[in-house]
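Q:
2 protein chains.
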Amino acid sequence: MPLGQRAGDKSESRYCGIETEFNDDMPQVLHQNISGGFDFVVAPLIDPSYRPSSAKNDGNGTSVPPFAASDLILSPSQWSSHVVGKISSWIDLDSENAELRRDSEDALKTEIAWASHLSLQACILPPPRATGCSNYARTVNQLLQNVSNMQLWIRLPLEQHEAVEDDAIDTNFKTSVSSGGRMFDSWEWWNTFRLLCEHHNQLCVALDILSSLPSINSIGRWFGEPVRAAIIHTNAFLTNARGYPCLSKGHQYLIKSFFNHTIQIILSGNLVHDISQERILPAGDDNHFEGLPIRHALRPYLDYVAYLYQSMDPLPEQERFEIGYRDFLQSPLQPLMDNLEAQTYETFEKDTVKYTQYQRAVCKALLDRIPDEKATTSTTVLMVVGAGRGPLVRASLQAAEETGRKLKVYAVEKNPNAVVTLHSLVKLEGWENIVTIISSDMRCWNAPEKADILVSELLGSFDDNELSPECLDGAQRFLKPDGISIPSSYTSYLQPITTTKLYNDVKAHKDLAHFETAYVVKLHRVARLAPPLEVFTFTHPNCSASINNERYEKLRFEIPADTGSTLVHGFAGYFDSVLYKDVHLGILPSKATPNMFSWFPIFFPLRKPIYVPAGSPIEVHMWRCCAATKVWYEWCVSSPLVSPVHNTNGRSYWVGL
Amino acid sequence: MPLGQRAGDKSESRYCGIETEFNDDMPQVLHQNISGGFDFVVAPLIDPSYRPSSAKNDGNGTSVPPFAASDLILSPSQWSSHVVGKISSWIDLDSENAELRRDSEDALKTEIAWASHLSLQACILPPPRATGCSNYARTVNQLLQNVSNMQLWIRLPLEQHEAVEDDAIDTNFKTSVSSGGRMFDSWEWWNTFRLLCEHHNQLCVALDILSSLPSINSIGRWFGEPVRAAIIHTNAFLTNARGYPCLSKGHQYLIKSFFNHTIQIILSGNLVHDISQERILPAGDDNHFEGLPIRHALRPYLDYVAYLYQSMDPLPEQERFEIGYRDFLQSPLQPLMDNLEAQTYETFEKDTVKYTQYQRAVCKALLDRIPDEKATTSTTVLMVVGAGRGPLVRASLQAAEETGRKLKVYAVEKNPNAVVTLHSLVKLEGWENIVTIISSDMRCWNAPEKADILVSELLGSFDDNELSPECLDGAQRFLKPDGISIPSSYTSYLQPITTTKLYNDVKAHKDLAHFETAYVVKLHRVARLAPPLEVFTFTHPNCSASINNERYEKLRFEIPADTGSTLVHGFAGYFDSVLYKDVHLGILPSKATPNMFSWFPIFFPLRKPIYVPAGSPIEVHMWRCCAATKVWYEWCVSSPLVSPVHNTNGRSYWVGL
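These protein sequences, in sequence, are chains A and B. When we follow the numbering used here, the leftmost residue of the first sequence carries the number 22, and every step to the right adds one. When we follow the numbering used here, the leftmost residue of the second sequence carries the number 22, and every step to the right adds one.
(1) Name the chain C residues whose beta carbon is nearer than 9 Å to that of Asn-156/A?
(2) Are the C-beta atoms of Ala-648/A and some chain B residue less than 8 Å apart?
(3) Using the Cβ count rule (16 or more neighbours within 10 Å means buried), how would you classify Val-658/B?
(4) Using the C-alpha atoms, what's the distance from Ser-417/B back to Asn-494/B?
(5) List the residues that DSSP assigns as beta-bridge partners of Gln-285/B.
(6) Going by DSSP in three states, Leu-446/A sits in which element: helix, strand or coil?
(7) For the segment 410 to 485 of chain B, which segments carrying the alpha helix (DSSP H) assignment without a break, of at least 4 residues, lie completely within its bounds, in sequence order?
(8) Apart from the five residues on each side of it in sequence, which residues of its chain come closer than 7 Å, Cβ to Cβ, to Glu-453/A?
(9) Among the candidates Ser-140/A, Cys-218/A and Leu-114/A, whose CA atom is the shortest distance from the CA of Leu-129/A?
(10) Could you tell me the distance, in whole angstroms, from the CA atom of Asn-261/B to the CA atom of Asp-60/B?
(11) Can you grab the Cα-Cα spacing for the pair Val-168/A / Arg-249/B, in whole Å?
(12) Alpha carbon to alpha carbon, what distance is there between Met-617/B and Thr-669/A?
(13) Can you list, in chain order, the residues of the segment 157 to 182 of chain A whose Cβ is nearer than 9 Å to any Cβ on chain B?
(14) For Ser-586/B, count the other beta carbons within 10 Å of its own beta carbon; 16 or more makes it buried, fewer makes it exposed. Which is it?
(15) Per the contact definition of three or more C-beta pairs closer than 8 Å, is the segment 350 to 361 of chain B in contact with the segment 574 to 585 of chain B?
(16) If contact means a Cβ-Cβ distance below 8 Å, which residues of the segment 647 to 671 of chain B contact chain A?
(17) State whether the segment 468 to 479 of chain A contacts the segment 396 to 416 of chain A, with contact taken as three or more CB pairs (one from each stretch) at a distance under 8 Å.
(18) Provide the residue span of the beta strand (DSSP E) that contains Trp-620/A, from first to last.
(19) In the DSSP assignment, the alpha helix (DSSP H) including Arg-645/B goes from what residue to what residue?
(20) Using a Cβ-Cβ cut-off of less than 8 Å, give me the residues of the segment 209 to 231 of chain B that come near chain A, in sequence order.
(21) Hey, out of Val-599/B, Glu-537/B and His-138/B, whose CA is closest to Tyr-379/B's CA?
(22) May I have the straight-line CA-CA distance separating Glu-340/A from Gln-364/A, to the nearest angstrom?
(23) By Cβ distance, which residues of its chain are closer than 7 Å to Ala-136/B, with the 5 residues on each side in sequence left out?
(24) Closest Cβ-Cβ distance between Arg-203/A and chain B: below 8 Å?
(25) Taking 8 Å as the cut-off, decide whether the C-beta atoms of Leu-211/A and Ile-175/A are in contact.
(26) Could you give the distance in angstroms between the alpha-carbon of Phe-43/B and the alpha-carbon of Val-63/B?
(27) Contact between the segment 481 to 497 of chain A and the segment 553 to 562 of chain A is defined here as three or more beta-carbon pairs at a separation below 8 Å; is this criterion met?
(28) Which two residues bound the contiguous beta strand (DSSP E) that contains Leu-576/A?
(29) On the three-state DSSP scale, how would you describe Met-47/B?
(30) Given a cut-off of 8 Å on the beta-carbon distance, is the pair Leu-329/A and Lys-277/A in contact?
(31) Could you check what DSSP says for Thr-213/B in three-state terms: helix, strand or coil?
(32) For Ile-296/A, collect the residues of the same chain with a Cβ closer than 8 Å to its Cβ; drop the 5 residues on either side in sequence, then sort them by chain order.
(33) How big is the Cα-Cα spacing for Ala-472/B and Gly-451/B?
(34) Of all the options Val-527/A, Pro-622/A and Lys-543/A, which has the alpha carbon lying nearest to the alpha carbon of Glu-537/A?
(35) Using a Cβ-Cβ distance under 8 Å, would Lys-277/A count as near chain B?
(36) Can you give the Cα-Cα distance for Pro-148/B and Leu-177/B, rounded to whole angstroms?
Spelled out as structure tokens, the structure:
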């Protein structure tokens, strides 16, 4: 039974599971917990006392491992919808003891094969040991090649725990910066494990949530990782005034973040709150109290989790609209080389917030340019370059009306298909005397007069990536010396991110080109590791003697010290543009124009993710290169590790002029 | 004129060059230096005062860069055989000054294009600056895509030099462990540069040799790098008792190592030794003293270098034989799945050292087994398993003769083609009464009696990699309980290496499989970074209750502290085997059997080379995995960085059973 309804949320985080002990009467386990309000169980598949080596000594292939009865005790759909397999926790593949290692390997392979036979959707693997995880990872990696669709969730505590003073501890698990003492960070275990398994996309994480939580920055890393479940222990709950379980503010925030990231909650542990008001079925007890309304022992915890779920705000309209685009890689537009389609114009024109900003900017420019006393006599020449189907023409005319200024508008558009619509709009609105439509590329049009104001919307997600600079450099020939360009400047920004999802999606193409391409993407399962830094700025009109739109910037990102080590899969790019004076427009998270949907961020991938130890800055180089027929970016990381230069000579990704 | 003749050496290190100043009379520069005894010049191609930005202001495309006259002043073959271009040293692509950066980029591109036009074989690039080299590397990387066959040699000082106290210094160039103060290591520059350029195989190194040298371990790293030239400065020379230039012992050793690694010497600088006895043409002076026997100013230095060359020992016979195999990747044999060819037997049988060792081992075993008093009455049953064309049969019979013991020999061989030769050998030698030939696989032969001694030569370069353990486990059925196996045990060894050449050869295949394959290779241009460590050991006969030939070993290599940082491209593998008691056989460098040529080392590549900071240990994991029809290795690095597990499930490389 789902936790509740939340408008717009169709994700699996509505379903809540429970961790159970081994019990070979699986139908009973399932009945008890499903009727108790849970949606699935996390159950061991095999008797925890079973060891392959003892079984082997029994005879010659006659012994059977003591699995939970046969596969027939549940229907195939029950197995796959309601059971997550829990792999034996005694397994230790990195033990010094070679026999235990071999037993562990046998058991792991047997249990995974059984789970696979049952078509379970997932199995939870026990956490690696502090002594290392290479042999464990090697074995899991072998298994991952053959488990068809089943996911393997490696179980990890969400904490940085104090190191034992033990020389056997793997040097791999590096200490993170912390106030005092050596701390071990379970993220390091995960990182080692998944690097050994090469980011296999069926290798996921289940986090154990305990009573104490690491810092918010440290937790934040997990939102870029494939976390599928959060296991909350009953002793992580506090007690409210009425004696009922509840969670700390930090835990509440965390759980809600999990809900927002399609991470399922699993309850674990025993009843630790003394709730005497109601009759409760002891956890794990399989006695039958037929006919009586018996509540599940962990029901108060489940109720609290459901309450948290139900108390969340409905998804905002815009988020609901964009939900299908989450973490979906799109190629950036090539509006210069290709003509946009009607549908694309349709979408962008609906972004009223954007045009309101343009209207405000044109208003301010008109007021600055024409004093009140000249309002009725002076006519301002305004050119919309890249007019499309006319939204900026409309915004400009509305600004003229609002300010009482007289306007003469040229609407320059290179796409002949859009020009058709533009003509009909002008006719429909009766703008024939004010608006002149020019069907031409702004870079080669010979204007009959010079403009006071040049209005354009040529920006891409990374500001100059749709070649606004080159277009406006071409258009500024017909701007008066004191004329105004709206936008008057724009700046791109970059930020390192962890994003296993996008990395795997790029990798799935199995070629170099996709790793050297920038993508437009609605970032969702992403960890933003450091504040964005400015990259390139362009100002219009450009008054330099010789215009050069090549750029080179070296960026140095500082990751907050309490984050711990991280893995960088690439960089998120944004822009912010000054339309006119204080009127700006952009998607830089800290000052993004609200409710604007025309731009998703851009994503620059790295061919190989870069491990950044706690406290190390990341040094990134970004170039904007120009040639006769194209513009492209090259990028690289030079610290803490050196990457190759990406996209040399624009071999993989470029924007045509 | 080459430096001299050295038996067996046909390499380019016989040719010596000289660095010259800019001079637009190139024919004269060439004449003077070639007649002075040098083979080529390293000459600037352009006036060092030229700056593209000043030239541009001159007019509209009418100005020409002041190149050394035209391409016609030398013949194409003179340009390509005798001139290495020297790129302007003022170039600074990582300057804070954007104009200088742009000028540098223009000049670099122009000069490389000109050198390319002249079909020069190589250009020497100025060293990177301490402030960083990312933009320099990015530009060179762009150029490398289009220079056809020309090599670019980046010039680097062979020294670890004291850091300037400058905050602008790139954090990239990490300090290496050193006795006192911060030291910068030019290898770090090279490493950053080539990683950014992704190991491009036309990007090479020219080392500047100064008067002081770094430690031997630090220098050793360069022998795994593509060093093409060593530029020795005249002030690096000492003065001998007669006032002539000479080099320190350390420098002599270094220069000879260069000769052995096909690295050319280039002399640079002015005459700094006061040699009054002879008339000498001042360096760089282009006056003509026609008819007079004028010696080149740097002739005494050249003579000394030639003396060093000529004083080297001739290449040993074995080395001359193996010279064609240097750094050449070969796939290991699959002697179980495939039958060896006659030519292969022919080669291996010539390795007399190996059979002498076997004969010694059999002698000792016979003496231990049969006391003198039973010599004439007892017959020892000896089985050669994998007898091939008979060399071990012969060695065993010679041992019997030497010790006066009586022998009955079974020669078991699965290759029917070799059995033919074996029969004719037995007939020819008259061994019919002693030797029984068995045409069968040792793993399934039903022996008519049990053996006292089992002799085999089934080892590969990495000991068990031709499945000796599996074969001998099968054969030990017919060994008496107290019988002897020769070899009685064997151990494999591994060692991390730098080897740009092999890495690039593997990479050239552009697939995963080649990066997950082990190769047999005569290692030459290789830096051995740490002493080899033991990996797997097998003992025969194997008395365990249940035989398991799977293995897992975790190795931790410590690189000497004075080496500095390194890049690990993979691992060299060796073996050492105990034939019997103190008679061993192997290729482990520290105790290799001399003059034995049957085995080259094995090479396990890494898919991506791993940067190891100075002082960091390297942690490597190696598995030997067995399935019904094949055996394979998996391997990974877990520290200082985590690699993927290589060759999962033997997907790329395996040995068939």
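Using N, Cα and C, we set each Cβ at its ideal position, and we do this for glycine too. Keep in mind it's a predicted model, so treat the numbers as computed, not measured.
A: In this structure, then:
(1) In the structure shown, chain C does not exist; the protein chains are A and B.
(2) Residue 648/A sits at position 627 when you count from the first residue of the first sequence. No - not a single Cβ of chain B is within 8 Å of the one on Ala-648/A.
(3) Looking up residue 658/B in the second sequence gives position 637. Buried, because 16 or more other Cβ atoms sit within 10 Å of the Cβ of Val-658/B.
(4) For the purposes of this step, residue 494/B is taken as residue 473 along the second sequence, with counting starting at 1. For the purposes of this step, residue 417/B is taken as residue 396 along the second sequence, with counting starting at 1. Asn is not the amino acid found at residue 494/B; the sequence shown has Asp there. Spanning the two alpha carbons is a distance of roughly 22 Å.
(5) The count along the second sequence starts at 1 and reaches residue 285/B at position 264. Gln-285/B is bridged to Ala-250/B.
(6) By one-based count along the first sequence, residue 446/A stands at place 425. Helix at Leu-446/A.
(7) 412 to 424 and 437 to 450
(8) Taking the first sequence and counting its residues from 1, one reaches residue 453/A at position 432. Cβ neighbours of Glu-453/A beyond the five flanking positions: Val-447.
(9) Position 108 of the first sequence, counted from the first residue, corresponds to residue 129/A. For Leu-129/A, the nearest C-alpha among the options comes from Leu-114/A.
(10) Taking the second sequence and counting its residues from 1, the one referred to as residue 261/B is at position 240. Taking the second sequence and counting its residues from 1, the one referred to as residue 60/B is at position 39. When rounded, the distance between both Cα atoms is 26 Å.
(11) Translated into the one-based positions of the first sequence, residue 168/A becomes position 147. Translated into the one-based positions of the second sequence, residue 249/B becomes position 228. Using only the alpha carbons, I get a separation of about 50 Å.
(12) The residue given as residue 669/A occupies position 648 in the first sequence. The residue given as residue 617/B occupies position 596 in the second sequence. Approximately 47 Å, taken between the alpha carbons.
(13) Ala-158, Arg-159, Asn-162, Gln-163, Leu-165, Gln-166 and Asn-167
(14) Start at 1 with the first residue of the second sequence, and residue 586/B comes out as number 565. Ser-586/B comes out buried.
(15) no
(16) Glu-655, Cys-657, Ser-659, Ser-660, Leu-662, Val-663, Ser-664, Pro-665, Val-666, Thr-669 and Asn-670
(17) yes
(18) As a working note, residue 620/A is residue 599 in the first sequence. Premise fails: Trp-620/A is in no beta strand (DSSP E) and is neither H nor E.
(19) By one-based count along the second sequence, residue 645/B stands at place 624. Counting along the chain, Arg-645/B falls outside any alpha helix (DSSP H), though it belongs to the beta strand (DSSP E) covering 639 to 647.
(20) Asn-212, Thr-213, Leu-216, Leu-217, Cys-218 and Glu-219
(21) Here residue 379/B corresponds to residue number 358 of the second sequence, with the count starting at 1. When each option's Cα is compared against that of Tyr-379/B, the closest is Val-599/B.
(22) Along the first sequence, read from residue 1 onward, the residue named residue 340/A stands at position 319. Along the first sequence, read from residue 1 onward, the residue named residue 364/A stands at position 343. Cα to Cα, the separation comes out at about 20 Å.
(23) Working through the second sequence from its first residue, we reach residue 136/B at position 115. These residues qualify, in order along the chain: Leu-66, Gly-106, Cys-144 and Met-171.
(24) Taking the first residue of the first sequence as 1, we reach residue 203/A at position 182. Annotation note: pLDDT 49 at Arg-203/A (below 50); position unreliable, no value reported.
(25) Working through the first sequence from its first residue, we reach residue 211/A at position 190. Working through the first sequence from its first residue, we reach residue 175/A at position 154. Here the sequence assigns Trp to residue 211/A, which means Leu is not the residue at that position. Yes, these two residues count as a Cβ contact at 8 Å.
(26) Stepping through the second sequence from its first residue, residue 43/B is reached at position 22. Stepping through the second sequence from its first residue, residue 63/B is reached at position 42. When rounded, the distance between both Cα atoms is 10 Å.
(27) yes
(28) On the first sequence, position 555 is the one that residue 576/A refers to. 572 to 578 is the extent of the beta strand (DSSP E) around Leu-576/A.
(29) As a first step, residue 47/B is located in the second sequence; it is residue number 26 there, counting from the start. Correct three-state label for Met-47/B: helix.
(30) For this step, residue 329/A is matched to residue 308 along the first sequence. For this step, residue 277/A is matched to residue 256 along the first sequence. Going by C-beta atoms, Leu-329/A is nearer than 8 Å to Lys-277/A.
(31) Taking the second sequence and counting its residues from 1, one reaches residue 213/B at position 192. Helix, per DSSP.
(32) Position 275 of the first sequence, counting from 1, holds the residue named residue 296/A. Around Ile-296/A: Gly-264, Tyr-265 and Pro-321.
(33) Here residue 472/B is taken as the residue at index 451 of the second sequence, counted from 1. Here residue 451/B is taken as the residue at index 430 of the second sequence, counted from 1. Using only the alpha carbons, I get a separation of about 22 Å.
(34) For the purposes of this step, residue 537/A is taken as the residue at position 516 of the first sequence. Ranking the options by Cα distance to Glu-537/A, first place goes to Val-527/A.
(35) Numbered from 1 along the first sequence, position 256 holds the residue referred to as residue 277/A. So no, Lys-277/A is outside the interface.
(36) For the purposes of this step, residue 148/B is taken as the residue at position 127 of the second sequence. For the purposes of this step, residue 177/B is taken as the residue at position 156 of the second sequence. So the two alpha carbons sit approximately 5 Å from each other.
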